[in-house]
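Reading the sequence shown from the start, the letters are residues 1 to 1000 in the working numbering.
Some notes on the structure that comes next.
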Amino acid sequence: MFKNDERYWNIHQLNKWFAISSVLFVAAFVWMFIDDNDDEYKVYQRNFRQLEIQMAEAELAEELEIVKSERIDYEAKVQKAQAHLDAQTSLADSLQNRLIFLKGVFYKDNMNFQGQKSQIDALKYLVERDNTHETDHGKDHSAENRKIYDDANALLHEYKLKKETTETDIADTESLINAINQESKHASDELNKVLRDVLLVENKLAKIDRERMSFMNKMGDLVRDLPILDFMNPYYKVKQYVIRDIKYNVNFTQVPSVDRCTSCHLGMTNPDFIDAEQPYRTHPNLDTYLSPASSHPVEEFGCTGCHAGRDRGTSFVSAVHMPDSEEEKVEWEEKYDWEQMHHWLKPMLPSKYTEASCFKCHQNEAYIKDADQLTLGLSLIEKSGCNGCHLIQRYDSRRKAGPDLAKIAEKLDKSWTIKWIESPRSFRHNTRMPHFFEQDNNSSPEMRKRNETEILTMVDYLFADGKEASTKNDHRFMGDAVNGETLFNAVGCRGCHIVEPNMNNMSDEISIESILKDHGPNLIGLGSKGSAEWIYNWIKNPSEYWSETRMPNLRLSDQEAKDITAYLRSFTNPEFEAISHKNIDEIDRDELENIAFGWLSKMNSEAYAKMQLAKMDHEETMGYVADKSFRYYGCFGCHNIPGYEDAKPIGTELTFEGSKPVDKLDFGYIHDLDHVNYAWFTRKLGNPRIFDHGKESPAEDKLRMPNFNFSPKEVDALVTAILSFNEDEVSETMLADHYIKDALVYEGRKLIKEYNCQGCHIIDDFGGQIVDVIGATEFSPPNLNTQGRKTQPDWLFKFFNDPTTIRPNLQVRMPSFDMEDEEWNSIIRSFQFGDNQLLAYETDHIVAMNAKLKAGKKLASTDFGACNNCHFYGSTFPIQDAQAWAPNLAMAKDRLRADWIVDWLKDPMVIMPGTKMPAPFLPTSDLFEEENANAIYGNALISLDGDSTAMLEGIRDFIWNMKGQKDITSIVKKYFDENGYKFGEEESDDEEDEWGDDDW
C-alpha cells in the first residue's frame, strides 16, 4: 500500500505523549483544585465549630438543669391552659368564622364609603362653582346641584355608620377570641421567660449543628462550602479586619494592616473559651484588649499591631509565628513543620516581648499601664545610662546617668578610684556602674597589662591637680551614728536609697516597684570611700557640689548631717580595702608607649607614629593614652569629665534598633543562636563581648561595650524596650497623647519619674515604697490621689519652692529640689490633668455670714466633730498628743480648694484609703424633733433640716473663715526639739483616740 506520510514526528508516538501529558495535566489540575480548597484555617474552623457545638450542648444541659423544676411547673400550666382552650373549641371556631364574615362585611362597607366619598368630592366642586357663579346661571341651577350634593352626603353618613358598626363588631369579636387564648398565651410566655437562656442556646445550636437543622437548611449548609460555590456565602472563610490606622512599609509606601488572625484564633474575643486549647483560647485581659468595651478594640487595633508577624498570613508558618523557647521550636517543627520566614522583616514577637508594641502609641508616658516589663526596660535604660553611649531620640535631652567627675578630687582618693574602675562590684554588689575590664575579650595576661595601664592614665587625668580626698579631719564631721541611723530611716533618705551590704538579703526579682527603692546608690562601704567631710557637705547641700544632681536638699541641721555621716561611715568594706594595685608612679612605661604607638599607627604610618611618639615626653604620653582610653570606653557618656563636654556618643544609634534587619547584626562565630534580632539582643546584653569569640582583633578594634551584669529578668525587660524602638507608624489619632495638647502634662510625669517622687508618694495608685521602712501609713508621706483638684496651684507652686510643715506629726520631710519654675509648673499641670482640673485660674470662695456657717461651727465644736482634738487652729495646739496631730486648719483657705473640702468631708476613706480621718457626724432631721433639740443643736443647725450637703458646706465655711498663724513650722520644730518623736511604727492603729487626718 502506498504510504504518503509527510509528518516529521511519528503520530503514534505523539498520541501517546499527548495522552500522558493530558493525564498529568488533569492530575495537576485536580491536585491544584484540592490544594486550593484545603486551607489550614478551614481545618481550625471545622474544629472550632465542633468545639462550639460541644460547649453549647454542655451549656444547654446546664441551663436545662437550672430550670428543671420550674419548667415542669410552667409546662403543667401551659397544658392546663391548652386543655381549657380545647374545651372551648366550638365557641372559638364560631367566633373565628364570625370574625372572617365581619371582615368581609367591613370590606364591603368600607368600599361603599370610600366610593361615595370620592363622588362627594366631585359634587362639592360643582356646588362651590355654582356658589361662585350664581349670578350667571340663576338660583334654580344652583339648587339642583345642591340637592344632589346633600343627598349624597346623607348616603355617605349612612355608609359611615355601617362601617363603624362593623368595626366595633370586629373589635368585640377579637376581644372574645383573645380572652379565650389569653390564659394559654400567658402560660406560654411565662414558660418562655424561664426557658429564655435555653432557647438562646437552642437557636445557636440550630445554626451551627447540622443534626438540629431542618432538611433544607442542612442541604444549604453542605452546599455553601463546596468548591466553586463557596464564593457566595461560605461558613468557612478568611476572617479579617482592615486596620487603617496601623501601617507598615511596603516599598516606601505605608500600607494599612489587614489582620487575618481571627481566621484561626476564633475564640479570642469570647470569654467562654478561657480554658480552650490554642488557637481557640480567649485572649487574656479582655477588659484591656480586643473586646468592644476595652481601650484596644480588635476592630481598631487588630492583632499584628501588638504581636507583629505577617498580617495577611492564614497558616501557622505564613503568619510568621516565632517560638518562645528552644523546646517550643522543636515542638513546632514536629507538629506544624514550622520554619522561619527569613525575608519577612517583622516576625511575630515571642509572647514575653509583646509589650514592646505598646511603645508606638504610648512613647510619651512615664509609666505605661499594663506594660510592666516595657516600663521596667525603659527605666533600666535611663538608670544604666544607655543613652550616654547610644543615641536614642526619646532620651536625647536627659542628663548623664553617672556623677560629675569635675570635682572628684574633693570626694575620692586615687587608690579607691583605681580599684573602683577596675572592678566596681567588688565594692558595691548591686552598682549600676558596669564592668569594662576582666571580660571575655580582655582577660588575657597581655590585655590585663594593657588595661591596668589605661586605668592608671585615666585616674592620673582625673586627679590632674595632684589633690585627693583625705580622712584626717573626719572626726570634725561625724556625730552620733545611732541617731544617724534613726534619722536616715525617718527623714526620707530611704525613699531613694537602701543600705544592704549583703547581696543575699536582696530580692532577686526586680520590678518597677522595687526599682523605686534603688533610685539612688546602695550606700554601703562609705567608710572605705572618700572622706566624712565630703559626705557631710554633700548631704547638707548636694547642688553645691554638682549643680545638675537630682539629689534634693533635706534641710538638715549641722548636727543631723553629722549624725547621718557617722552612720554612713560605719559601713566599711575591708575586702575592697585589701585589694592591691599599682600606683600611678609605678606605671609600666613600655606598655604605656605600646598603647600610644598602637593608637598612633592606627590612622598613620608606623614611621610617622614612631616619630610622633618620640616627640612626646612621659606626661604627654600619659595624657594621650588617657584621652584615647576615655574616648574608646566612652566614659563621658555617663560622667561629666572636663575637656569632654562636647564629645559624641561612641555606640550605635538605637532610635530604630528594633527595626534593624538581622543581616545588619554581627553574629560573629556564635552558631548556637537563632538569627533573629531579639536573640542577638539577649546574648549581647547578657555578655556584651561574646561576639568577639574566636576573632583575632587588635586591642583597638575589640568590642568595648561594658558588662552591666543584668539579671535574666532585666535582660528580658531591656530587650522588650529595644524592640520597641522601631519604625512602626500609627495614625496620629491612635497615639495615647493625641487628645493631650498640653506638653507640660507629659513633661511633668517625666519629672515625677526622674526625681523619684513615687519613692515616697503614691501617685496614680503607684509608689509610696518608703512606707515599708517607716512601717505606718499615718507617719509616711501622703497619698497624692486627687492632688490636682485638692490644692490651689499658686499655693502648691510656693510650697514646692519653699516647703513648710503640713502634717506636723511626720518626721519624714518634703525635700527642697533645685528645679526651675517651668518644671514645677509642669508637675502641677500633670496633677491637674490627672484629676480633670482643666481651669487655668481659681475662683475665690466667699463665705456668707449665715446659718450655714453657724451650723458648721457647731458641727466642728467639741460637742460634735471636735476638730481641734487633732488639728491645729493657727498657733493653737491640738488637744491630743502629737501622734494624732493633723494639718493646721488656718492654712486651708490658702492651700485647699473649696469644693474638694466638701468631697473630702463626705467620706475621707474614698479619697484616701487607710486614712484615720473620720467623716463628721451629721444629725438627721428626725433628731431635731426631740424635746431638747434646740439646746443640743442650735437654731442654725436645725434650720438646715438635715441637709447633709449644706452641713458639710457649713463645716467647710467654718474652716475657710478660720484666722491664725498659717506657717507652724517653727513651733512644731521647737516642740519636737524639746520632746522628741516618741511614736512611730510601734503605735497601735486600733486606739480610738489616735485618729487624725493623715492626708490633708
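Beta carbons: idealized from backbone N, C-alpha and C, even for Gly.
Treat the numbers as computed from the prediction; the structure is a model and nothing was measured.
Can you list, in chain order, the residues of its chain with a C-beta nearer than 6 Å to that of D404? Leave out the 5 residues immediately preceding and following it. To locate residue 404, count along the sequence shown from 1; it is residue 404. Leaving aside the five residues that flank D404 on each side, the residues in its chain whose CB is nearer than 6 Å to its CB run, in chain order, W546, N640.
For F766, write down the residues that DSSP places opposite it in a beta bridge. As a working note, residue 766 is residue 766 in the sequence shown. As a beta-bridge residue in DSSP terms, F766 pairs with I763.
In the DSSP assignment, what residue or residues form a beta bridge with K247? As a first step, residue 247 must be located in the sequence shown, where it is residue number 247. Looking at the DSSP assignment, K247 forms a beta bridge with P256, E729.
Simplified DSSP state of V242, which is helix, strand or coil: Along the sequence shown, read from residue 1 onward, the residue named residue 242 stands at position 242. When DSSP states are grouped into helix, strand and coil, V242 belongs to the strand group.
What's the call for Y669, buried or exposed, on a 16-neighbour Cβ count within 10 Å? Start at 1 with the first residue of the sequence shown, and residue 669 comes out as number 669. Y669 comes out exposed.
One or two residues paired with S528 in a DSSP bridge: If you number the sequence shown from 1, residue 528 lands on position 528. Bridge partners of S528: none, in fact.
Beta carbon of L176, beta carbon of I148: below 8 Å? Reading the sequence shown from its first residue, position 176 is the one you call residue 176. Reading the sequence shown from its first residue, position 148 is the one you call residue 148. No, they are not a contact pair.
Buried or exposed, going by whether 16 or more other CB atoms sit within 10 Å of the CB of L723? Along the sequence shown, read from residue 1 onward, the residue named residue 723 stands at position 723. Counting every other CB atom within 10 Å of its CB across the protein chains shown gives L723 a total of 16 or more, marking it as buried.
From the DSSP output, which residues share a beta bridge with N553? For the purposes of this step, residue 553 is identified with residue 553 of the sequence shown, where counting begins at 1. DSSP output for N553 lists S816 as bridge partner(s).
Would you report the Cα separation of G302 and K893, rounded to the nearest angstrom? Numbered from its first residue, the sequence shown carries residue 302 at position 302. Numbered from its first residue, the sequence shown carries residue 893 at position 893. Roughly 51 Å separates the two Cα atoms.
If you count every other CB in all the chains shown that lies within 10 Å of the CB of R310, and 16 or more means buried, which is it? Here residue 310 corresponds to residue number 310 of the sequence shown, with the count starting at 1. It is buried - the Cβ of R310 has at least 16 other Cβ atoms within 10 Å.
In angstroms with no decimal places, state the Cα-to-Cα distance between K163 and Q116. Indexing the sequence shown from 1 puts residue 163 at position 163. Indexing the sequence shown from 1 puts residue 116 at position 116. Going from the Cα of K163 to the Cα of Q116 covers about 13 Å.
Inter-residue Cα distance where the pair is K540 and H429: In the sequence shown, counting from the first residue as 1, residue 540 sits at position 540. In the sequence shown, counting from the first residue as 1, residue 429 sits at position 429. Rounded to whole angstroms, the separation of the alpha carbons of H429 and K540 is 27 Å.
For P793, which of helix, strand or coil comes out of DSSP? Here residue 793 refers to the residue found at position 793 of the sequence shown. When secondary structure is reduced to three states using DSSP, P793 falls in the helix class.
Rounded C-alpha distance that separates V23 from S257: Locating residue 23 in the sequence shown gives position 23, counting from the first residue. Locating residue 257 in the sequence shown gives position 257, counting from the first residue. Roughly 42 Å between the two C-alpha positions.
Label L349 either buried or exposed according to how many other C-beta atoms from any shown protein chain fall within 10 Å of its C-beta, with 16 as the threshold for buried. Walking along the sequence shown from the start, residue 349 turns up at place 349. Burial of L349 is indicated by the presence of at least 16 other C-beta atoms within 10 angstroms of its C-beta.
What's the C-alpha gap between M551 and S543? Looking up residue 551 in the sequence shown gives position 551. Looking up residue 543 in the sequence shown gives position 543. If I take the Cα positions, the gap works out to 8 Å.
Does Q254 pass the burial test, meaning 16 or more other C-beta atoms within 10 Å, or should it be called exposed? For the purposes of this step, residue 254 is identified with residue 254 of the sequence shown, where counting begins at 1. Exposed is the call here.
E365 and A736 closer than 8 Å at C-beta: Taking the sequence shown and counting its residues from 1, one reaches residue 365 at position 365. Taking the sequence shown and counting its residues from 1, one reaches residue 736 at position 736. Cβ atoms of E365 and A736: closer than 8 Å.
Assuming the contact rule is C-beta atoms closer than 8 Å, R432 and K400 should be a hit. Round their C-beta distance to whole Å, please. Translated into the one-based positions of the sequence shown, residue 432 becomes position 432. Translated into the one-based positions of the sequence shown, residue 400 becomes position 400. Not confirmed; about 12 Å, so no contact.
Per DSSP, which one or two residues make a beta bridge with P297? Within the sequence shown, residue 297 is the residue found at index 297, counting from 1. According to DSSP, which records beta bridges pairwise, P297 is partnered with L290.
Output yes or no for whether 8 Å exceeds the beta carbon distance between L391 and T655. If you number the sequence shown from 1, residue 391 lands on position 391. If you number the sequence shown from 1, residue 655 lands on position 655. Taking 8 Å as the cut-off, the Cβ atoms of L391 and T655 count as close.
Give the straight-line distance between the Cα atoms of G914 and E355, rounded to the nearest whole angstrom. Working through the sequence shown from its first residue, we reach residue 914 at position 914. Working through the sequence shown from its first residue, we reach residue 355 at position 355. Spanning the two alpha carbons is a distance of roughly 33 Å.
Report yes if the CB atom of M232 is closer than 8 Å to the CB atom of D221, and no otherwise. Sequence index remark: in the sequence shown, residue 232 carries index 232 (1-based). Sequence index remark: in the sequence shown, residue 221 carries index 221 (1-based). Their beta carbons are not under 8 Å apart, which means M232 does not touch D221 by this criterion.
Supposed close pair Y633, F436 - CB separation, criterion 8 Å: For the purposes of this step, residue 633 is taken as residue 633 along the sequence shown, with counting starting at 1. For the purposes of this step, residue 436 is taken as residue 436 along the sequence shown, with counting starting at 1. Contact holds; Cβ gap of about 6 Å.
Residue from D230, K713, F597 with nearest C-alpha to Y608: For the purposes of this step, residue 608 is taken as the residue at position 608 of the sequence shown. Answer by Cα proximity: F597.
Once DSSP output is grouped into helix, strand and coil, what is the label at T876? Counting from one through the sequence shown, the residue named residue 876 turns up at place 876. DSSP places T876 in strand when its eight states are reduced to three.
Closer than 8 Å is the cut-off here; do at least three beta carbon pairs connect the segment 915–932 with the segment 825–835? These segments do not touch.
N473 to P424, Cα distance in whole Å? For this step, residue 473 is matched to residue 473 along the sequence shown. For this step, residue 424 is matched to residue 424 along the sequence shown. Approximately 27 Å, taken between the alpha carbons.
Under 8 Å Cβ to Cβ from G385, same chain only, skipping five residues before and after it: list those, please. Here residue 385 corresponds to residue number 385 of the sequence shown, with the count starting at 1. Here G385 has K400, A401, G402, R432, G637, C638 as same chain residues with Cβ atoms under 8 Å from its own Cβ, once five neighbours each way along the sequence are excluded.
Coil, strand or helix - N583 by DSSP: The residue given as residue 583 occupies position 583 in the sequence shown. Residue state, collapsed to three classes: coil.
Below 6 Å CB to CB, which residues in the same chain sit around R689 once its five sequence neighbours on both sides are set aside? Position 689 of the sequence shown, counted from the first residue, corresponds to residue 689. Contacts found: Q439, D440, N441, L703.
I'd like to confirm something about G874: is its beta-carbon nearer than 7 Å to some heavy atom of the ligand MN, or not? Annotation note on the ligand MN: not contained in the displayed structure, which lists no ligands.
Tell me which residues share the same chain as L345 and place their Cβ nearer than 8 Å to its Cβ, disregarding the 5 neighbours each side in the sequence. Position 345 of the sequence shown, counted from the start, is the residue given in the question as residue 345. Around L345: S659, P661.
Segment limits, alpha helix (DSSP H) that includes G388: Looking up residue 388 in the sequence shown gives position 388. In the DSSP assignment, G388 falls within the alpha helix (DSSP H) that extends over 386–389.
Short of 6 Å in beta carbon distance, which residues of its chain neighbour E548, apart from the five on each side in sequence? Order them along the chain. Stepping through the sequence shown from its first residue, residue 548 is reached at position 548. Answer for E548: R399, listed in chain order.
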